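Chains G and F, in that order, give the protein sequences. Start counting the first sequence at 3; every next residue gets the next number (our numbering). Start counting the second sequence at 5; every next residue gets the next number (our numbering). Presented below is the structure to which this report refers.
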Amino acid sequence: MFPINDNGMLSGLLCGVLFGYVLENAGFGSPVKLSAQFKLTDWAVFKVMFTAIVVAAVGLWLLRLGGLLRPDSIAVPQAAMMAAAVGGALVGAGFAVGGYCPGTSVAGLFSGRLDALVFIIGVLLGTTGFAVFYGTALRSLKSAWLIAEGDTFTDVYEVPEPVVLVVLGVALIAVFYFGSWFERRGSGTISAQQAVEGAR
Amino acid sequence: MSTSEKHGNPEIKPFWPPLAAGIALGLVLLLTFVLSAHGLGASGAATDVVAGVGLQLAAEATKANGYLGPMVADGSPIGSWMTWEILGVAIGALMAAFTAGRFRVQLDGARSVGTSKRLISTLAGGFLAGFGARIAGGCTSGVGLSGSAALGISAFVFLALFFATGMIASRLVKGV
């Protein structure tokens, strides 16, 4: 029965190596490619993310259905709506301004980008700043608008999981359809050649 | 654009198509859930590093800190699953970039916005993302990607605000 709850070194290294390998091959070491998502000229970020979300979500559902995965054994982020909204907004702003997010900055640095190293220093400073200012205000921000009934649409709104998966599938098709439409209208997606040459 | 630029350097292999990359990422994420019972992440490793380095440099202050204190109660969190995972990300990205001819040392964005402005934009962006990730309890990987795959409501709220704010910010500031 899964999960096997292996949180050791080899499990971490294996998942990380595969994650980093895919991130760089998707083009996500390049801040030009990444920030083009917000300019709506290259939709690779959302196409890749939504595809991965649907593949993993359907996979988890099938594993549970087949009795291979224990129910309620997978970590789900707590339904703290205020924290998700404010945190999401700040990470999005940081992504747009800096050209990376915490994970992709590692892919950026290890494809040779020194600006990614500076981004990582910024992440460490931002984390330190949060810890320094952690008190009543941040604590209440993190617990505001908390949904007590549960963390998933199935738990809180009693939407059956297959329905959630179908909605996600439709959203995935929409991301590809409208994303490709925007890409044709815009200045074109960022090729590996352009990414390696750097922002101009 | 010159002919060589248009046709490209044959040494540089193209990126994977988004659908293929997305399926691969989804399978890696599924493997991660099956092995570790949680998803992929990144900013958590930064938190572990800050807590671990803090424990070395300022042990008393770190232990007394409301956020970091509980994390160092059982010793340094460096060596956690998340820190090994992020080391793996570095190795995997290096392998991919090298084998595809896409490794090039550069300060990306220096030519488009200028060196000093690029250094400020990337530092500020990192700060915002690092601070924001601690509020949300994760970043694009941990909450946006893994949380959504686990069908968490907060993950979709995170993604919506991530996208909306990112679009606005990219119109106000040219950071790259």
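Yeah, the Cβ is synthetic: ideal placement off N, Cα and C, and Gly gets one too. Fair warning: this is a prediction, and the values are worked out from it, not measured in the lab.
Own chain residues within Cβ distance below 6 Å of residue i, not counting five before or after
i, result
"Phe121 of chain G", "Gly100, Tyr102, Ser107"
"Val180 of chain F", "Gly113"
"Asp78 of chain F", "none"
"Leu20 of chain G", "none"
Test: residue i CB closer than 9 Å to a CB of chain F
i, result
"Pro79 of chain G", "yes"
"Leu150 of chain G", "Here the sequence assigns Ala to residue 150 of chain G, which means Leu is not the residue at that position. No, Ala150 of chain G lies away from the interface with chain F (no Cβ there is under 9 Å from its Cβ)."
"Pro73 of chain G", "no"
"Ser37 of chain G", "yes"
"Ile55 of chain G", "yes"
"Arg141 of chain G", "yes"
"Ile175 of chain G", "no"
"Pro164 of chain G", "no"
C-beta neighbour in chain G for residue i, strict 9 Å
i, result
"Ile82 of chain F", "no"
"Leu59 of chain F", "no"
"Gly179 of chain F", "yes"
"Ser125 of chain F", "yes"
"Thr7 of chain F", "Any reading at Thr7 of chain F must be qualified, since the residue scores a pLDDT of 42, below 50, and its modelled position is unreliable; the value itself is stated next. No, because no Cβ of chain G sits closer than 9 Å to the Cβ of Thr7 of chain F."
"Ala63 of chain F", "no"
"Lys17 of chain F", "yes"
"Ala25 of chain F", "yes"
"Asp184 of chain F", "This structure gives no information on residue 184 of chain F, because the portion of chain F shown stretches from 5 to 180."
Three-state class that DSSP yields for residue i in the structure shown
i, result
"Phe30 of chain G", "coil"
"Arg205 of chain G", "The shown model of chain G, from 3 to 202, leaves out residue 205 of chain G, and the question about it has no answer."
"Thr43 of chain G", "coil"
"Ser107 of chain G", "helix"
"Leu44 of chain F", "coil"
"Lys10 of chain F", "Since pLDDT at Lys10 of chain F reaches only 49, below the 50 mark, its modelled position is unreliable, and no value is offered."
"Cys143 of chain F", "coil"
"Phe48 of chain G", "helix"
"Tyr71 of chain F", "coil"
"Tyr23 of chain G", "helix"
"Ser84 of chain F", "coil"
"Val57 of chain F", "helix"
"Ala62 of chain F", "coil"
"Ala77 of chain F", "coil"
"Glu163 of chain G", "helix"
Other residues of its chain near residue i: CB distance less than 8 Å, five sequence neighbours each side excluded
i, result
"Glu26 of chain G", "Ala109, Phe112, Ser113"
"Phe19 of chain F", "Ala25"
"Gly30 of chain F", "Ala153"
Beta-bridge pairing of residue i - partner residues as DSSP gives them
i, result
"Gly156 of chain F", "G:Thr154"
"Ala82 of chain G", "G:Leu148"
"Leu71 of chain G", "G:Phe4"
"Gln110 of chain F", "G:Arg115"
Neighbourhood of residue i by C-beta, 7 Å cutoff - its chain only, sequence neighbours within 5 removed
i, result
"Ser6 of chain F", "Because the pLDDT of Ser6 of chain F is 44, which lies under 50, any placement of that residue in the model is unreliable, and the question is left without a value."
"Ser145 of chain G", "Ala82"
"Ala173 of chain G", "Phe52"
"Val166 of chain G", "Phe155, Thr156"
Legend entry - Within 9 Å of chain G by C-beta, residues of the segment 144-159 of chain F in sequence order: Thr144, Ser145, Gly146, Val147, Gly148, Leu149, Ser150, Gly151, Ser152, Ala153, Ala154, Leu155, Gly156, Ile157, Ser158, Ala159
Legend entry - Residues within the segment 109-136 of chain G neighbouring chain F, beta-carbon criterion of under 7 Å: Ala109, Phe112, Ser113, Gly114, Arg115, Leu116, Asp117, Val120, Phe121, Ile122, Ile123, Gly124, Val125, Leu126, Leu127, Gly128, Thr129, Thr130, Gly131, Phe132, Ala133, Tyr136
Inset, instruction - Would you list, in chain order, the members of the segment 3-22 of chain G that have their beta-carbon closer than 9 Å to a beta-carbon of chain F? - result: Phe4, Pro5, Ile6, Asn7, Asp8, Asn9, Gly10, Met11, Leu12, Ser13, Gly14, Leu15, Leu16, Cys17, Gly18, Val19, Leu20, Phe21, Gly22
Inset, instruction - Name, going along the chain, the residues of the segment 86-108 of chain G whose beta-carbon falls closer than 9 Å to a beta-carbon of chain F. - result: Ala86, Ala87, Val88, Gly89, Gly90, Ala91, Leu92, Val93, Gly94, Ala95, Gly96, Phe97, Ala98, Val99, Gly100, Gly101, Tyr102, Cys103, Pro104, Gly105, Thr106, Ser107, Val108
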